[in-house]
Amino acid sequence: MDLIDRYVNEVSAALPRKLRKDVSKELRSTLEETVESRQHRNPTEDPEDVAVAVLKDFGPPGELASSYQPEAKYLVGPSLFPAFRATVRVCILVLAGLIFLGLFTGLGNGPLPAKRLLLGVVESFDNFLTASLILIGLVVVVFAVIERASGESRVSALGWDPQTLPSKDDPNRINRFGMTLKLAALMLLFYLANFESHRLVGSFLTDGDKSGWVPFLGPGFRDSLNLLNLVLVLDITLGIWVLRKGQWQLLTRWLDLGTTLLFAYFLFRVAFGPSPVEIDPQWMMQNGWSAEAAARYVGLTREIISPMLAIALKLGFLGTCIGALVQLKQVLVGRP
Amino acid sequence: MSPSAKSVTENLVAELRRGVLVLAILTQLEEEYYGYALREKLAQLGLAVPEGTLYPLLRRLETQGLLKSRWQLGEGRPRRYYQTSKEGRQTLGELSKEWIFLEKALNRIRQAD
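In the order they appear, the protein sequences are chains A and B. Numbers given in the working numbering equal positions in the first sequence, counted from 1, plus 11. Numbers given in the working numbering equal positions in the second sequence, counted from 1, plus 1232.
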């Protein structure tokens, strides 16, 4: 009966803890009785063969265990899966783009021996792999949160009224796929800005024999991080609320306009205040870079990257203001 | 019949049988049985139930309150006996009505063809 023991153990291991003892006891008793009964009917058959035949009839242990708990429990359910897949793809592409850009920003600073070029590629690839794994894990967590937070909007068949179906051109109709993607992007941005910014905002730099990844985070970024966090938390909360309600309402439209204006203020502060990207020369020297290299790269960042970023941020501010006006019209007139 | 068509048919037959199985179990368990004996009884009456289907189903019906169970731990092998509960008998009544209604409807559909 060793096979039966092994089978029961496998089934038991795949069951929820509260079911294990009871189901195992019943399963063992049933299996033993079934084997005995078949042996009784075919006394010449090898007992081991009978046990194998009986266990085959019961099916693989995992399959049997899963039929004791038929309700599928998804971390990311089928309705969110297309958005989940799209988010993972976008994240990996953006990450690859950022790291590729970081590598080539550094490579553009003069001739580079093959050995250091290879080192730069390896270091960037290592950064990419580490950040990819963290990102994918994070996307799963983000979607698991959205899955649970927006679950209430799935009304039961009994409470569902077809009269509440939005018309095709109803301005309050929500695009679930788009909103889910936006929510995931906001949550990811929150995580990246707070925990991984040093890994993403920076560049692979070289100076003589020295080369390596240098983060570009300046005081402008740190000063505005709290405001960015506030905008993101408000936007995420609002997004989950709208997903749960299943449609836009006047109040949520006003709140959405409020978060857009707050985001515009954030962009304004970052675009016109101290630069969010700046190399810390002290950090570079503490990490083995020469004072000349630190001064050169600080200058490069101030003269090229910061002004370009400021233009981009100003354009972003302008675009957000236009977006806010469109939202205001939508709230007042009811149509985009 | 092609292998894929055969597999589709087998799945449909399995689904059909699963639907009827609850009705058969609730009916048979008006009298107390333990799992193995119930399976044998149903097979004897012409309804063979796959091994891996019956026992999880008994648990689910018990969780839903349609069956009640007790362990018998006397001499020999411990056995869990199941019986249709009061709620299960009410559900059985409803299911039986539905079964008769479906059977009549299906017969009418067939005759109309």
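All residues carry an ideal CB built from backbone N, CA and C; glycine is no exception.
Given a length threshold of 4 residues, each whole run of the alpha helix (DSSP H) inside the segment 220-272 of chain A is given here in chain order: 230-256. Under the rule that a run must span 3 or more residues, the beta strand (DSSP E) segments found entirely inside the segment 1259-1313 of chain B read 1299-1304. 9 Å or more divides the Cβ of Ile157 (chain A) from the Cβ of Cys102 (chain A). Note: Ser214 (chain A) is bridge-paired with A:Val225 in the DSSP secondary-structure output. Residues of chain A whose Cβ lies closer than 7 Å to the Cβ of Tyr1268 (chain B) are, in chain order, Thr41, Glu44 and Thr45. Taking a Cβ-Cβ threshold of 7 Å, the residues of chain B close to Gly70 (chain A) are Gly1284, in chain order. Contact between Leu1305 (chain B) and Leu1299 (chain B) is absent: CB atoms are separated by about 19 Å, not below the 8 Å threshold.
Lys32 (chain A) has a beta carbon lying at 9 Å or more from every beta carbon in chain B.
At a cut-off of 9 Å between C-beta atoms, Leu14 (chain A) does not count as an interface residue with respect to chain B. C-alpha of Ala306 (chain A) to C-alpha of Pro226 (chain A): approximately 15 Å in a straight line. Excluding its 5 nearest sequence neighbours in each direction, Gly269 (chain A) has C-beta neighbours in its own chain below 8 Å: Leu245, listed in chain order. For Gly73 (chain A), the enclosing alpha helix (DSSP H) starts and ends at Pro72 to Ser78. Shown here, Thr312 (chain A) sits in a helix according to DSSP, grouped into three states. Each residue's CA atom was taken as its position, placing Val99 (chain A) and Leu228 (chain A) some 25 Å apart. Neighbours of Leu38 (chain A) in chain B, taken as residues whose beta carbon is under 8 Å from its own, are Tyr1287 in chain order. With three or more CB-CB distances shorter than 8 Å, the segment 273-281 of chain A counts as touching the segment 310-329 of chain A. Within the same chain, Leu243 come within 7 Å of Leu200 (chain A) by CB-CB distance, once the 5 residues on both sides are set aside.
Taking C-alpha positions only, Asp16 (chain A) is separated from Val133 (chain A) by approximately 50 Å. By the criterion of a C-beta distance shorter than 8 Å, Glu74 (chain A) is surrounded by no residue of its chain, once the five residues flanking it on both sides are discounted. Arg1342 (chain B) has a beta carbon lying at 9 Å or more from every beta carbon in chain A. No Cβ-Cβ contact shorter than 9 Å links Ile1257 (chain B) with Leu1248 (chain B). Taking 9 Å as the cut-off, the beta carbon of Ala94 (chain A) is found closer than this to the beta carbon of Ala195 (chain A).
In this structure, the alpha-carbon of Lys36 (chain A) lies about 47 Å from that of Tyr202 (chain A). Ser1317 (chain B) sits buried, since 16 or more C-beta atoms from the chains shown fall within 10 Å of its C-beta. Residues of chain B with a Cβ closer than 9 Å to the Cβ of Tyr79 (chain A) are, in chain order, Tyr1287, Pro1288, Arg1291 and Arg1292. Nearest CB-CB separation between Val19 (chain A) and chain B: not below the 9 Å threshold.
With a threshold of 9 Å between beta carbons, Pro1310 (chain B) makes contact with chain A. Given a length threshold of 3 residues, each whole run of the beta strand (DSSP E) inside the segment 1310-1343 of chain B is given here in chain order: 1311-1316. Of the residues A:Ser222, A:Val212 and A:Phe206, the one whose Cα lies closest to the Cα of Ala125 (chain A) is A:Ser222.
Excluding the 5 residues flanking it on each side, Leu238 (chain A) has same chain C-beta neighbours closer than 6 Å at Phe277, in chain order. Pro285 (chain A) places its beta carbon 9 Å or farther from that of Val309 (chain A). In this structure, Phe139 (chain A) keeps its C-beta atom at 9 Å or more from the C-beta atom of Ala160 (chain A). Boundaries of the alpha helix (DSSP H) around Val342 (chain A): Ser317 to Val344.
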